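Student:
Chains as they are written, first to last, in this note's numbering: chain A, 5 to 55; chain B, 9 to 456.
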């Protein structure tokens with residue numbers, strides 16, 4: 005075992021895992037938004053067809 | 009008579025080559041007889057055998073040893089064709105040894121004793137199989153496999169293109185139907201950072217530690233891409249560890265998942281039906297996710313960009329030829345290139361050292377920690393969820409698509425025959441692939 009810059013290593017590890025979580029959380033919100041958008045488009049198409 | 013004229017490989021063959029040929033043979037045996045990742049292990053195994061037959065030259069690089077200052081050559085220490093190890097003295101210049109930073113053999117001596125040389129003059133041409141940091145020790149590929157490795161892998165062409173094909177093969181539907189399972193894919197990346205830390209404790213550099221940690225992401229192209237950028241000299245060990253452990257997922261995941269869950273938890277029933285996902289959602293996801301991920305972690309662009317364009321080919325429905333080619337012939341050709349070249353990095357003089365063994369051990373720790381983190385995070389999520397999720401699906405966050413999800417399905421059915429966890433496990437499974445690419449991008453962004 006050898007010494008290493010623990011602060012830098014912790015920054016990479018905690019920061020890196022944090023970034024992965026942050027992005028996947030943002031993506032899951034984006035999925036929710038695209039779902040709402042898709043459902044809205046479907047409703048619009050249905051109401052357009054019924055007119 | 010003929011062999012007196014020809015230089016045969018036998019004179020350079022040593023026990024290390026024999027051992028590596030046995031290892032290559034073992035990988036081929038596992039691929040053919042045990043059906044363990046045969047598309048990967050068979051060509052990698054054969055690549056190992058080829059590169060351990062001396063003088064074949066398939067993985068040779070040319071290195072030019074130059075004089076750092078002017079002087080007079082006093083003595084030639086290494087004759088042409090003599091095998092030597094790293095930092096061995098090749099000749100003496102004004103009483104000082106001129107050493108080679110790479111192992112290999114002298115292909116051609118360009119000076120003789122008594123000759124005056126200028127600073128920067130080439131003293132000898134050396135043939136080596138060593139992967140070097142090109143900024144410090146520039147080499148030129150001379151063999152078939154070293155050229156594929158240098159221009160395909162070190163230039164970051166083949167791994168992202170394999171990601172394109174993987175994107176074309178991936179159905180994000182289960183993940184889009186239940187986006188909260190993406191968190192399990194994120195949690196599994198803990199294994200990457202755990203192994204990163206462990207590697208630092210064992211004396212690896214930050215760049216090497218990042219390359220070892222990413223093995224836990226269980227994505228071959230990501231591991232190769234990150235290692236090629238950060239620590240090319242250990243690429244053989246990290247790639248083989250990653251592909252071998254992906255093949256060993258059915259052996260690694262079950263004991264970890266059983267250890268961390270009760271029988272009751274493993275039997276938690278999940279409705280087999282997921283909500284139907286509209287085609288429009290499937291088309292929008294690769295576009296939206298590429299924009300978000302690349303803006304936040306630009307260094308993940310080659311992997312995420314290719315992954316998502318491949319997925320768009322699949323989902324848009326108007327480029328069926330591109331989608332079909334990406335899923336079949338294209339990935340097969342790339343697999344042949346990458347696996348033979350990776351096998352080619354495992355010449356005995358590169359591979360047989362204690363660090364390789366340590367990398368293999370740290371790799372399996374990374375895999376196990378990734379599976380454990382996924383399971384524990386699923387249990388944590390259950391504290392807040394009305395409709396509980398089966399914590400086994402957390403283990404699929406380790407990626408290794410789709411093997412990990414299949415293992416979870418089998419484990420779930422053993423505890424509760426009504427349970428069909430496969431589609432639920434595919435969510436964290438593909439999220440794990442995205443998470444690993446992001447983690448790799450973070451390593452490259454900080455350490456590259």
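A virtual CB, placed ideally from N, CA and C, is assigned to each residue, including glycine. Nothing here was measured: the structure is a model prediction, and the numbers come from that model.
1. Measure the beta-carbon distance from residue 140 of chain B to residue 241 of chain B and round it to whole angstroms, keeping in mind my assumption that it falls under 8 Å.
2. Whole angstroms is fine: what's the gap from residue 83 of chain B's alpha carbon to residue 24 of chain B's?
3. Do you know offhand how far residue 283 of chain B's Cα is from residue 193 of chain B's?
4. Hey, residue 217 of chain B and residue 232 of chain B are a contact pair by Cβ (cut 8 Å); roughly how many whole angstroms apart?
5. Let me see if you follow: with CB-CB separation under 8 Å, is residue 54 of chain A close to chain B or not?
6. By the DSSP assignment, the beta strand (DSSP E) with residue 277 of chain B in it spans what residues?
7. Could you tell me if residue 102 of chain B is buried or exposed, where buried requires 16 or more neighbouring beta carbons within 10 angstroms of its beta carbon?
8. Tell me, to the nearest whole angstrom, how far the beta carbon of residue 189 of chain B is from that of residue 439 of chain B; I am working on the premise that it is less than 8 Å.
9. How do the segment 49-64 of chain B and the segment 340-352 of chain B stand: do at least 3 beta-carbon pairs fall below 8 Å, yes or no?
10. Quick one: using the 10 Å Cβ neighbour count with 16 as the cut-off for buried, is residue 287 of chain B buried or exposed?
11. Using the C-alpha atoms, what's the distance from residue 442 of chain B back to residue 252 of chain B?
12. Which bits of chain A does residue 203 of chain B rub up against, with CB to CB less than 7 Å?
13. Taking only the alpha-carbon atoms, compute the straight-line gap between residue 211 of chain B and residue 331 of chain B and give it to the nearest angstrom.
14. Where do the ends of the beta strand (DSSP E) carrying residue 82 of chain B lie?
15. Helix, strand or coil, according to DSSP, for residue 135 of chain B in the structure here?
16. Would the beta-carbon of residue 232 of chain B be found less than 7 Å away from any heavy atom of the ligand MN?
17. Spell out whether any CB of chain B is found under 8 Å from the CB atom of residue 30 of chain A.
18. Relative to the alpha-carbon of residue 78 of chain B, which residue among B:123, B:36 and B:70 has its alpha-carbon at the smallest distance?
19. Go to residue 188 of chain B, then tell me how far its alpha helix (DSSP H) extends in each direction, as first and last residue.
20. Below 9 Å between beta carbons is the criterion; list the residues of the segment 149-174 of chain B that meet it against any residue of chain A, in chain order.
21. Scan the segment 35-48 of chain A for residues whose Cβ lies nearer than 9 Å to a Cβ of chain B and list them as they occur along the chain.
22. Mind checking if residue 379 of chain B is an interface residue toward chain A, Cβ cutoff 8 Å exclusive?
23. Please identify the residue among B:90, B:125 and B:121 whose C-alpha is closest to the C-alpha of residue 108 of chain B.
24. Are three or more beta carbon pairs between the segment 197-212 of chain B and the segment 374-384 of chain B nearer than 8 Å?
25. For residue 157 of chain B, does the three-state DSSP call read helix, strand or coil?
26. With distances taken between CB atoms, is the gap from residue 239 of chain B to residue 219 of chain B smaller than 8 Å?
27. If you measure from the beta carbon of residue 50 of chain A to each beta carbon in chain D, is any gap under 8 Å?
28. Helix, strand or coil, according to DSSP, for residue 36 of chain B in the structure here?
29. Span of the beta strand (DSSP E) holding residue 101 of chain B?
30. When the distance is taken between beta carbons, is residue 305 of chain B closer than 8 Å to residue 451 of chain B?
31. Would you please state the rounded distance, in angstroms, between the beta carbons of residue 345 of chain B and residue 175 of chain B? I believe it to be under 8 Å.
32. Can you tell me where the alpha helix (DSSP H) with residue 227 of chain B in it begins and where it stops?
33. Using a Cβ-Cβ cut-off of 8 Å, state whether residue 9 of chain B counts as contacting chain A.
34. Closer than 8 Å, CB to CB, is residue 436 of chain B near chain A or not?
35. When you compare the CB of residue 409 of chain B with every CB in chain A, is at least one pair closer than 8 Å?
36. Give the single residue among B:172, B:56 and B:19 whose Cα lies nearest to the Cα of residue 30 of chain B.
Tutor: Taking the definition as stated:
1. About 7 Å separates the two Cβ atoms, so the contact holds.
2. Distance from the CA atom of residue 83 of chain B to the CA atom of residue 24 of chain B, rounded to whole angstroms, is 30 Å.
3. If I take the Cα positions, the gap works out to 20 Å.
4. Going by Cβ atoms, the distance from residue 217 of chain B to residue 232 of chain B rounds to 17 Å, so no, they are not a contact pair.
5. For residue 54 of chain A, the answer is no, since every Cβ of chain B falls outside 8 Å of its Cβ.
6. Per DSSP, residue 277 of chain B belongs to no beta strand (DSSP E) and is neither H nor E.
7. So residue 102 of chain B counts as exposed.
8. Right, the Cβ-Cβ distance comes to about 7 Å (below 8 Å), so this counts as a contact.
9. In short, these stretches touch, since the Cβ pair count reaches three.
10. Exposed: under 16 other Cβ atoms inside 10 Å.
11. C-alpha of residue 252 of chain B to C-alpha of residue 442 of chain B: approximately 21 Å in a straight line.
12. Chain A residues near residue 203 of chain B: none, gap ~10 Å exceeds 7 Å.
13. Computed Cα separation, rounded: 44 Å.
14. Per DSSP, residue 82 of chain B belongs to the beta strand (DSSP E) from 79-84.
15. Here DSSP, grouped into helix, strand and coil, assigns residue 135 of chain B to strand.
16. Looking for the ligand MN in the displayed structure turns up nothing, as the structure carries no ligands at all.
17. By this cut-off, residue 30 of chain A is an interface position.
18. When each option's Cα is compared against that of residue 78 of chain B, the closest is B:123.
19. Segment: none, residue 188 of chain B is in no alpha helix (DSSP H) and carries neither H nor E.
20. Within the segment 149-174 of chain B, no residue has a Cβ that lies closer than 9 Å to any Cβ of chain A.
21. Answer in chain order: 35, 36, 37, 38, 39, 41, 42, 43, 45 and 46.
22. No, because no Cβ of chain A sits closer than 8 Å to the Cβ of residue 379 of chain B.
23. Comparing Cα-Cα distances from residue 108 of chain B to each of B:90, B:125 and B:121, the minimum goes to B:90.
24. Yes: the two stretches touch, three or more of their Cβ pairs being nearer than 8 Å.
25. Under the three-state reduction of DSSP, residue 157 of chain B is assigned to helix.
26. Yes, these two residues count as a Cβ contact at 8 Å.
27. Among the protein chains of the structure shown, namely A and B, there is no chain D.
28. Residue state, collapsed to three classes: helix.
29. Counted as a single uninterrupted DSSP element, the beta strand (DSSP E) harbouring residue 101 of chain B occupies residues 97-101.
30. With respect to the 8 Å criterion, residue 451 of chain B and residue 305 of chain B are not classified as neighbours on the basis of their beta carbons.
31. About 19 Å separates the two Cβ atoms, so there is no contact after all.
32. Going by DSSP, residue 227 of chain B is part of no alpha helix (DSSP H) at all; its letter is neither H nor E.
33. Residue placement at residue 9 of chain B cannot be trusted, given a pLDDT of 49 that sits under 50; the coordinates are not used to answer.
34. Output row for residue 436 of chain B: interface = no.
35. No - not a single Cβ of chain A is within 8 Å of the one on residue 409 of chain B.
36. Nearest of B:172, B:56 and B:19 to residue 30 of chain B, Cα basis: B:56.
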